[in-house]
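Take any residue in the sequence shown, count from 1 to its spot, add 3: that is its number in our numbering.
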Amino acid sequence: MTCKKNCARFKVGSLNERIILQKRETDQWNTLDNGEPAYTFTQIAKVWANVKTKTAYNILDGIGQNIRYTHIFTIRYRDDVGDESFILFQDKRYDITNFVNMEEQNRFIQLYAVISGYQDLAGSE
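1. Could you check which residue in Glu28, Phe44, Arg71, Val84 has the C-alpha nearest to that of Thr103?
2. Pick from Phe89, Ser119, Glu20: whose alpha carbon is nearest that of Gln46?
3. So Arg96 is in the beta strand (DSSP E); what residue range does that whole segment cover?
4. Bridge partners for Tyr80 per DSSP, in chain order?
5. With a threshold of 6 Å on Cβ separation, who are the neighbours of Glu20 within its own chain once the five nearest residues in sequence on each side are excluded?
6. Give me, in chain order, the residues of the same chain whose beta-carbon lies closer than 6 Å to that of Ile99; leave out the 5 immediate sequence neighbours on both sides.
7. Would you tell me roughly how many angstroms separate the C-alpha atoms of Ile22 and Ala48, rounded to the nearest one?
8. What does a CB cutoff of less than 7 Å around Tyr97 pick up in its chain, not counting 5 residues either side in sequence?
9. Between the C-alpha atoms of Asp36 and Gln108, what's the straight-line distance to the nearest angstrom?
10. Give me the Cα-Cα distance between Val50 and Leu24, rounded to the nearest whole angstrom.
11. Using the Cβ count rule (16 or more neighbours within 10 Å means buried), how would you classify Tyr72?
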């Protein structure tokens, strides 16, 4: 079975930007000055993506909350990426606020993201 509407627009050739998918982990050996845990970011994968910039758009999640996003990253389907993951693109870290398996076909996934407050890129690769 193939994607008919949205997936048809995304061909492998349109995935023309390189991004790094990351996960955030608590650094058990370090804490911040205020006593909160420090975090480290580890690479999940380096993948090709189609990147679209959106400004001040909102989506409605399943419980009626507006979630703001500034970028949509479309990648090949992966089951190890979700709204707890991060994206590193052009030396900026993005927090994934939502994701959509396009037409539930497991071919492409759209990651809705906003620039993250965690911009210290040390140790991110």
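Every residue, glycine too, gets a C-beta built ideally from N, C-alpha and C.
Working from what's here:
1. Here residue 103 turns out to be Val, not Thr, going by the sequence shown. The shortest CA-to-CA distance from Val103 to any of Glu28, Phe44, Arg71, Val84 is the one to Val84.
2. Phe89
3. DSSP places Arg96 inside the beta strand (DSSP E), whose first and last residues are 95 to 104.
4. DSSP, once it has assigned bridges, lists no residue as partnering Tyr80.
5. Listed in chain order, the non-local C-beta contacts of Glu20 below 6 Å within the same chain comprise Ala52, Val54, local neighbours out to five positions each way being set aside.
6. Asp86, Ser88, Leu114, Ala116
7. Those two C-alpha atoms are separated by around 9 Å.
8. His74, Phe89, Ile90, Ala116, Val117, Ile118, Ser119
9. 46 Å
10. 8 Å
11. buried
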